[in-house]
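Residue numbers (the numbering used here): 29 to 359. First comes the structure, then the notes that go with it.
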(Lines of atoms letter the chains of each structure in order from A and count residues from 1; the text may use other names and numbers.)
(Lines give C-alpha, C1' and ligand atoms only; values in the text may rest on other atoms or scores of the structure.)
Protein backbone atom coordinates (compact mmCIF):
# COMPACT_ATOMS: atom_id res chain seq x y z
CA UNK A 1 0.00 0.00 0.00
CA UNK A 2 2.74 2.58 0.82
CA UNK A 3 4.57 1.74 -2.39
CA UNK A 4 1.33 1.97 -4.42
CA UNK A 5 0.50 5.35 -2.91
CA UNK A 6 3.97 6.56 -3.78
CA UNK A 7 3.46 5.49 -7.39
CA UNK A 8 0.06 7.24 -7.49
CA UNK A 9 1.53 10.49 -6.14
CA UNK A 10 4.26 10.25 -8.76
CA UNK A 11 1.62 9.79 -11.49
CA UNK A 12 3.04 6.41 -12.43
CA UNK A 13 -0.12 4.50 -11.38
CA UNK A 14 -3.83 5.24 -11.70
CA UNK A 15 -6.42 4.62 -8.98
CA UNK A 16 -8.16 1.64 -10.65
CA UNK A 17 -4.90 -0.26 -11.11
CA UNK A 18 -3.90 0.49 -7.52
CA UNK A 19 -7.24 -0.89 -6.19
CA UNK A 20 -6.91 -3.97 -8.41
CA UNK A 21 -3.50 -4.86 -6.99
CA UNK A 22 -4.71 -4.27 -3.40
CA UNK A 23 -7.55 -6.75 -3.91
CA UNK A 24 -5.25 -9.14 -5.76
CA UNK A 25 -2.70 -9.12 -2.93
CA UNK A 26 -5.40 -9.95 -0.37
CA UNK A 27 -6.56 -12.90 -2.47
CA UNK A 28 -2.96 -14.00 -3.01
CA UNK A 29 -2.37 -13.93 0.74
CA UNK A 30 -5.31 -16.29 1.35
CA UNK A 31 -4.08 -18.57 -1.43
CA UNK A 32 -0.57 -18.61 0.06
CA UNK A 33 -1.93 -19.55 3.49
CA UNK A 34 -4.01 -22.35 1.95
CA UNK A 35 -0.99 -23.70 0.07
CA UNK A 36 1.09 -23.57 3.26
CA UNK A 37 -1.63 -25.41 5.20
CA UNK A 38 -1.86 -28.14 2.56
CA UNK A 39 1.90 -28.65 2.33
CA UNK A 40 2.13 -28.78 6.14
CA UNK A 41 -0.55 -31.49 6.26
CA UNK A 42 1.18 -33.43 3.48
CA UNK A 43 4.44 -33.24 5.41
CA UNK A 44 2.74 -34.55 8.57
CA UNK A 45 1.12 -37.39 6.63
CA UNK A 46 4.47 -38.31 5.09
CA UNK A 47 6.01 -38.45 8.56
CA UNK A 48 3.17 -40.67 9.80
CA UNK A 49 3.61 -43.02 6.84
CA UNK A 50 7.37 -43.16 7.45
CA UNK A 51 6.83 -44.07 11.11
CA UNK A 52 4.24 -46.65 10.04
CA UNK A 53 6.73 -48.22 7.62
CA UNK A 54 9.50 -48.17 10.24
CA UNK A 55 7.19 -49.95 12.70
CA UNK A 56 6.20 -52.71 10.28
CA UNK A 57 9.74 -53.17 9.01
CA UNK A 58 11.37 -53.21 12.44
CA UNK A 59 13.14 -56.35 13.54
CA UNK A 60 11.20 -58.59 15.92
CA UNK A 61 12.67 -59.36 19.32
CA UNK A 62 14.08 -62.85 19.39
CA UNK A 63 13.18 -65.38 22.08
CA UNK A 64 16.40 -67.14 23.02
CA UNK A 65 15.86 -70.76 24.15
CA UNK A 66 12.30 -70.09 25.32
CA UNK A 67 11.71 -71.07 28.96
CA UNK A 68 8.68 -71.15 31.22
CA UNK A 69 8.40 -68.67 34.13
CA UNK A 70 9.90 -69.94 37.35
CA UNK A 71 6.85 -69.03 39.46
CA UNK A 72 8.96 -66.59 41.47
CA UNK A 73 8.62 -62.85 41.10
CA UNK A 74 11.81 -61.21 42.29
CA UNK A 75 13.38 -58.75 39.84
CA UNK A 76 17.12 -58.32 39.32
CA UNK A 77 19.19 -56.05 37.08
CA UNK A 78 22.74 -57.39 36.69
CA UNK A 79 25.27 -54.94 35.25
CA UNK A 80 22.70 -53.66 32.70
CA UNK A 81 23.77 -51.18 30.05
CA UNK A 82 21.60 -49.72 27.31
CA UNK A 83 22.39 -47.62 24.25
CA UNK A 84 19.77 -45.88 22.16
CA UNK A 85 20.52 -44.18 18.85
CA UNK A 86 24.28 -44.45 19.56
CA UNK A 87 23.92 -42.64 22.90
CA UNK A 88 24.62 -44.48 26.16
CA UNK A 89 21.52 -44.15 28.33
CA UNK A 90 22.31 -46.63 31.12
CA UNK A 91 25.57 -48.09 32.37
CA UNK A 92 26.28 -50.73 35.01
CA UNK A 93 22.81 -50.83 36.60
CA UNK A 94 22.68 -53.30 39.49
CA UNK A 95 19.85 -53.88 41.96
CA UNK A 96 17.53 -56.62 43.19
CA UNK A 97 13.94 -56.42 44.38
CA UNK A 98 12.88 -59.47 46.35
CA UNK A 99 9.48 -61.02 45.76
CA UNK A 100 6.94 -58.87 47.60
CA UNK A 101 9.59 -56.18 48.16
CA UNK A 102 9.72 -52.63 46.91
CA UNK A 103 12.21 -50.28 45.24
CA UNK A 104 11.93 -46.60 44.34
CA UNK A 105 13.86 -45.03 41.48
CA UNK A 106 14.61 -41.35 42.09
CA UNK A 107 16.86 -38.79 40.50
CA UNK A 108 16.87 -35.81 38.14
CA UNK A 109 14.76 -35.76 34.98
CA UNK A 110 16.47 -37.52 32.09
CA UNK A 111 18.62 -39.69 34.36
CA UNK A 112 17.19 -42.95 32.93
CA UNK A 113 14.54 -43.95 35.49
CA UNK A 114 11.72 -44.55 33.00
CA UNK A 115 14.12 -46.36 30.67
CA UNK A 116 14.93 -48.81 33.47
CA UNK A 117 11.22 -49.45 34.03
CA UNK A 118 10.59 -50.03 30.32
CA UNK A 119 13.49 -52.42 29.92
CA UNK A 120 11.83 -54.77 32.42
CA UNK A 121 8.97 -55.82 30.07
CA UNK A 122 11.53 -55.86 27.24
CA UNK A 123 10.28 -52.87 25.30
CA UNK A 124 13.92 -52.81 24.15
CA UNK A 125 16.77 -55.27 24.52
CA UNK A 126 19.69 -54.37 26.75
CA UNK A 127 23.12 -53.98 25.18
CA UNK A 128 24.92 -55.49 28.13
CA UNK A 129 24.16 -57.43 31.31
CA UNK A 130 20.85 -59.15 31.94
CA UNK A 131 17.44 -58.63 33.52
CA UNK A 132 16.06 -61.52 35.54
CA UNK A 133 12.49 -62.22 36.66
CA UNK A 134 12.36 -65.07 39.12
CA UNK A 135 15.90 -65.99 38.10
CA UNK A 136 14.98 -66.28 34.41
CA UNK A 137 16.42 -63.88 31.84
CA UNK A 138 13.59 -61.93 30.20
CA UNK A 139 15.10 -62.83 26.81
CA UNK A 140 14.11 -66.44 27.50
CA UNK A 141 10.45 -65.64 28.20
CA UNK A 142 7.75 -65.34 25.57
CA UNK A 143 6.01 -61.96 25.28
CA UNK A 144 2.81 -63.52 26.62
CA UNK A 145 4.49 -65.08 29.67
CA UNK A 146 6.48 -61.92 30.41
CA UNK A 147 3.54 -59.52 30.16
CA UNK A 148 1.35 -61.83 32.26
CA UNK A 149 3.69 -61.29 35.21
CA UNK A 150 3.59 -57.48 35.11
CA UNK A 151 1.24 -54.52 35.38
CA UNK A 152 2.19 -50.95 34.56
CA UNK A 153 0.77 -47.55 35.40
CA UNK A 154 2.75 -44.95 33.49
CA UNK A 155 2.54 -41.16 33.37
CA UNK A 156 1.02 -41.45 29.91
CA UNK A 157 -2.60 -42.53 30.15
CA UNK A 158 -3.57 -45.14 27.56
CA UNK A 159 -7.32 -45.45 27.08
CA UNK A 160 -8.97 -46.69 23.91
CA UNK A 161 -12.10 -45.49 22.10
CA UNK A 162 -14.09 -48.35 23.51
CA UNK A 163 -16.35 -48.98 26.47
CA UNK A 164 -15.02 -48.51 29.99
CA UNK A 165 -15.59 -52.22 30.63
CA UNK A 166 -13.44 -53.23 27.64
CA UNK A 167 -10.73 -50.79 28.72
CA UNK A 168 -10.69 -52.36 32.18
CA UNK A 169 -10.52 -55.91 30.80
CA UNK A 170 -7.59 -55.37 28.45
CA UNK A 171 -5.21 -57.23 30.75
CA UNK A 172 -7.75 -59.88 31.73
CA UNK A 173 -10.46 -60.18 29.11
CA UNK A 174 -12.32 -63.09 30.76
CA UNK A 175 -12.80 -61.34 34.11
CA UNK A 176 -16.33 -61.48 35.51
CA UNK A 177 -18.48 -58.41 35.99
CA UNK A 178 -18.22 -58.75 39.78
CA UNK A 179 -14.40 -58.84 39.57
CA UNK A 180 -14.41 -55.79 37.32
CA UNK A 181 -16.67 -53.84 39.70
CA UNK A 182 -14.54 -54.87 42.69
CA UNK A 183 -11.42 -53.55 40.91
CA UNK A 184 -13.17 -50.27 40.08
CA UNK A 185 -14.27 -49.87 43.71
CA UNK A 186 -10.72 -50.50 44.92
CA UNK A 187 -9.52 -47.84 42.47
CA UNK A 188 -12.10 -45.35 43.83
CA UNK A 189 -13.71 -44.95 40.37
CA UNK A 190 -16.88 -47.10 40.59
CA UNK A 191 -19.18 -44.31 41.79
CA UNK A 192 -18.09 -42.02 38.98
CA UNK A 193 -18.60 -44.74 36.35
CA UNK A 194 -22.10 -45.43 37.65
CA UNK A 195 -22.92 -41.70 37.41
CA UNK A 196 -22.40 -41.87 33.63
CA UNK A 197 -25.53 -42.48 31.52
CA UNK A 198 -24.36 -45.91 30.28
CA UNK A 199 -22.27 -46.91 33.29
CA UNK A 200 -19.56 -49.43 32.38
CA UNK A 201 -20.86 -49.53 28.78
CA UNK A 202 -19.98 -45.85 28.29
CA UNK A 203 -17.78 -45.47 25.22
CA UNK A 204 -14.77 -43.25 25.82
CA UNK A 205 -14.60 -40.62 23.10
CA UNK A 206 -14.41 -36.87 22.68
CA UNK A 207 -17.93 -36.49 24.09
CA UNK A 208 -16.96 -38.02 27.46
CA UNK A 209 -14.98 -35.52 29.53
CA UNK A 210 -12.71 -37.20 32.06
CA UNK A 211 -10.24 -35.45 34.33
CA UNK A 212 -6.63 -36.59 34.53
CA UNK A 213 -7.28 -38.20 37.91
CA UNK A 214 -10.33 -40.11 36.63
CA UNK A 215 -8.40 -41.45 33.64
CA UNK A 216 -5.55 -42.47 35.94
CA UNK A 217 -7.93 -44.31 38.28
CA UNK A 218 -9.35 -46.25 35.33
CA UNK A 219 -5.78 -47.30 34.49
CA UNK A 220 -5.22 -48.30 38.12
CA UNK A 221 -8.48 -50.29 38.12
CA UNK A 222 -7.24 -52.08 35.00
CA UNK A 223 -3.99 -52.98 36.79
CA UNK A 224 -5.91 -54.15 39.89
CA UNK A 225 -8.12 -56.35 37.74
CA UNK A 226 -5.12 -57.90 35.99
CA UNK A 227 -3.64 -58.71 39.42
CA UNK A 228 -0.12 -59.33 38.12
CA UNK A 229 2.53 -60.13 40.76
CA UNK A 230 5.01 -57.46 39.55
CA UNK A 231 3.92 -53.83 39.47
CA UNK A 232 5.67 -50.79 37.98
CA UNK A 233 4.40 -47.27 38.76
CA UNK A 234 5.89 -44.37 36.83
CA UNK A 235 4.76 -41.14 38.52
CA UNK A 236 1.20 -42.46 38.67
CA UNK A 237 -0.12 -39.26 40.27
CA UNK A 238 1.96 -36.79 38.25
CA UNK A 239 -0.96 -35.33 36.29
CA UNK A 240 -3.72 -35.75 38.86
CA UNK A 241 -5.67 -32.72 39.94
CA UNK A 242 -5.60 -31.94 43.70
CA UNK A 243 -9.20 -33.11 44.25
CA UNK A 244 -8.41 -36.57 42.86
CA UNK A 245 -4.95 -37.04 44.36
CA UNK A 246 -6.23 -38.38 47.71
CA UNK A 247 -8.48 -40.86 45.88
CA UNK A 248 -5.56 -41.89 43.71
CA UNK A 249 -3.39 -42.59 46.75
CA UNK A 250 -6.13 -44.84 48.17
CA UNK A 251 -6.34 -46.66 44.84
CA UNK A 252 -2.57 -47.13 44.67
CA UNK A 253 -2.49 -48.49 48.24
CA UNK A 254 -5.05 -51.12 47.18
CA UNK A 255 -3.04 -51.89 44.06
CA UNK A 256 0.39 -52.51 45.61
CA UNK A 257 -0.65 -54.98 48.33
CA UNK A 258 1.55 -58.09 48.15
CA UNK A 259 3.23 -57.06 44.87
CA UNK A 260 6.85 -56.83 43.86
CA UNK A 261 6.90 -53.08 43.44
CA UNK A 262 9.11 -50.72 41.40
CA UNK A 263 8.05 -47.09 41.60
CA UNK A 264 9.44 -43.98 39.92
CA UNK A 265 8.80 -40.87 41.96
CA UNK A 266 9.82 -37.25 42.36
CA UNK A 267 7.88 -36.66 45.59
CA UNK A 268 10.28 -38.28 48.02
CA UNK A 269 7.76 -38.21 50.89
CA UNK A 270 5.68 -40.83 49.04
CA UNK A 271 8.47 -43.42 48.88
CA UNK A 272 10.50 -43.00 52.09
CA UNK A 273 8.98 -46.16 53.62
CA UNK A 274 9.87 -48.49 50.76
CA UNK A 275 12.44 -51.25 51.25
CA UNK A 276 15.12 -49.62 49.09
CA UNK A 277 15.70 -46.45 47.11
CA UNK A 278 17.99 -46.25 44.09
CA UNK A 279 19.29 -42.80 43.15
CA UNK A 280 19.82 -42.70 39.37
CA UNK A 281 22.21 -40.05 38.07
CA UNK A 282 23.44 -39.91 34.46
CA UNK A 283 22.32 -43.45 33.78
CA UNK A 284 24.08 -44.98 36.78
CA UNK A 285 23.07 -46.04 40.31
CA UNK A 286 24.71 -43.36 42.42
CA UNK A 287 23.29 -44.61 45.76
CA UNK A 288 21.20 -47.58 46.87
CA UNK A 289 19.64 -48.37 50.23
CA UNK A 290 16.76 -47.63 52.62
CA UNK A 291 15.71 -44.05 53.31
CA UNK A 292 17.40 -43.73 56.72
CA UNK A 293 20.64 -45.29 55.51
CA UNK A 294 20.85 -42.95 52.53
CA UNK A 295 20.28 -39.93 54.76
CA UNK A 296 23.21 -40.98 56.93
CA UNK A 297 25.52 -41.07 53.90
CA UNK A 298 25.18 -37.30 53.41
CA UNK A 299 25.22 -37.82 49.65
CA UNK A 300 23.01 -37.01 46.68
CA UNK A 301 19.86 -38.44 48.25
CA UNK A 302 20.17 -36.31 51.37
CA UNK A 303 20.53 -33.20 49.20
CA UNK A 304 17.38 -34.20 47.30
CA UNK A 305 15.51 -34.86 50.53
CA UNK A 306 16.42 -31.49 52.06
CA UNK A 307 15.39 -29.73 48.84
CA UNK A 308 12.10 -31.63 48.93
CA UNK A 309 11.41 -30.58 52.52
CA UNK A 310 12.19 -26.94 51.73
CA UNK A 311 9.91 -27.05 48.70
CA UNK A 312 7.02 -28.40 50.78
CA UNK A 313 7.41 -25.60 53.33
CA UNK A 314 7.80 -22.85 50.73
CA UNK A 315 5.21 -20.07 50.63
CA UNK A 316 5.01 -17.13 48.28
CA UNK A 317 6.10 -13.93 50.01
CA UNK A 318 9.03 -11.63 50.60
CA UNK A 319 10.16 -13.58 53.68
CA UNK A 320 11.14 -16.55 51.51
CA UNK A 321 13.98 -14.91 49.56
CA UNK A 322 16.62 -16.58 51.69
CA UNK A 323 14.84 -19.93 51.35
CA UNK A 324 14.87 -19.49 47.59
CA UNK A 325 18.61 -18.77 47.67
CA UNK A 326 19.31 -21.73 49.92
CA UNK A 327 17.26 -24.06 47.74
CA UNK A 328 19.10 -22.81 44.66
CA UNK A 329 22.47 -23.36 46.33
CA UNK A 330 21.40 -26.85 47.37
CA UNK A 331 20.22 -27.77 43.90
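Even glycine gets a Cβ: it sits at the ideal position worked out from N, Cα and C. None of the values given here were measured: they were computed from a predicted structure.
Quiz item: Taking the continuous alpha helix (DSSP H) assigned at residue 32, which residues delimit it?
Solution: Counting from one through the chain shown, the residue named residue 32 turns up at place 4. Residue 32 -> alpha helix (DSSP H) spans 30 to 37.
Quiz item: Count the other CB atoms within 10 Å of the CB of residue 94; is the residue buried (16 or more) or exposed (fewer)?
Solution: Numbered from 1 along the chain shown, position 66 holds the residue referred to as residue 94. When all chains shown are included, residue 94 counts as exposed.
Quiz prompt | Burial state of residue 250 (16 or more Cβ within 10 Å) | solution = As a first step, residue 250 is located in the chain shown; it is residue number 222 there, counting from the start. Buried, by the Cβ-count rule.
Quiz item: Got a sec? Which residues, its chain only, sit under 6 angstroms from residue 77 by beta carbon, not counting five neighbours each side?
Solution: One-based indexing of the chain shown puts residue 77 at position 49. Excluding positions up to five away in sequence, the list is empty.
Self-check item: Status (buried if at least 16 other CB within 10 Å, exposed otherwise) for residue 208
Solution: For the purposes of this step, residue 208 is identified with residue 180 of the chain shown, where counting begins at 1. By the neighbour-count rule (16 or more Cβ atoms within 10 Å), residue 208 is buried.
Quiz prompt | Bounding residues of the beta strand (DSSP E) (the contiguous stretch that carries residue 92) | solution = Stepping through the chain shown from its first residue, residue 92 is reached at position 64. Run containing residue 92: none; DSSP gives neither H nor E here.
Self-check item: the segment 283 to 294 contacting the segment 127 to 144, beta-carbon criterion three pairs below 8 angstroms
Solution: yes
Quiz item: Any heavy atom of the ligand FMN within a distance shorter than 7 angstroms of the CB on residue 309?
Solution: As for the ligand FMN, it is missing from this structure, which has no ligand bound.
Self-check item: Spatial distance of residue 125 from residue 103 (CA atoms)
Solution: Sequence index remark: in the chain shown, residue 125 carries index 97 (1-based). Sequence index remark: in the chain shown, residue 103 carries index 75 (1-based). In a straight line, the C-alpha of residue 125 is about 5 angstroms away from that of residue 103.
Self-check item: Segment contact flag, the segment 310 to 330 with the segment 107 to 123, C-beta cutoff 8 angstroms, min 3 pairs
Solution: yes
Self-check item: Three-way DSSP call (helix, strand, coil) for residue 75 in this model
Solution: Against the chain shown, residue 75 aligns to sequence position 47. The answer is helix: DSSP assigns residue 75 an H, G or I state.
Quiz prompt | Burial state of residue 149 (16 or more Cβ within 10 Å) | solution = On the chain shown, position 121 is the one that residue 149 refers to. Buried, since its Cβ has 16 or more Cβ neighbours within 10 Å.
Quiz item: Alpha carbon to alpha carbon, how far is residue 330 from residue 277?
Solution: Against the chain shown, residue 330 aligns to sequence position 302. Against the chain shown, residue 277 aligns to sequence position 249. Their backbone Cα atoms lie some 25 angstroms apart in a straight line.
Quiz item: Which residue comes first and which comes last in the alpha helix (DSSP H) that contains residue 241?
Solution: Numbered from its first residue, the chain shown carries residue 241 at position 213. Element bounds for residue 241: 240 to 254.
Quiz item: Bridge partners of residue 132, per DSSP?
Solution: Position 104 of the chain shown, counting from 1, holds the residue named residue 132. DSSP output for residue 132 lists 291 and 305 as bridge partner(s).
Quiz item: So which of 284, 75 and 240 has the shortest CA-CA distance to residue 302?
Solution: Locating residue 302 in the chain shown gives position 274, counting from the first residue. The shortest Cα separation from residue 302 among 284, 75 and 240 belongs to 284.
Practice problem: Return the CA-CA distance between residue 261 and residue 287, expressed in angstroms with no decimal places. | Solution: Here residue 261 refers to the residue found at position 233 when the chain shown is read from its first residue. Here residue 287 refers to the residue found at position 259 when the chain shown is read from its first residue. Cα-Cα distance, rounded: 12 angstroms.
Quiz item: Rounded to a whole number of angstroms, what is the C-alpha to C-alpha distance between residue 183 and residue 306?
Solution: To locate residue 183, count along the chain shown from 1; it is residue 155. To locate residue 306, count along the chain shown from 1; it is residue 278. Going by the C-alpha atoms only, they are around 19 angstroms apart.
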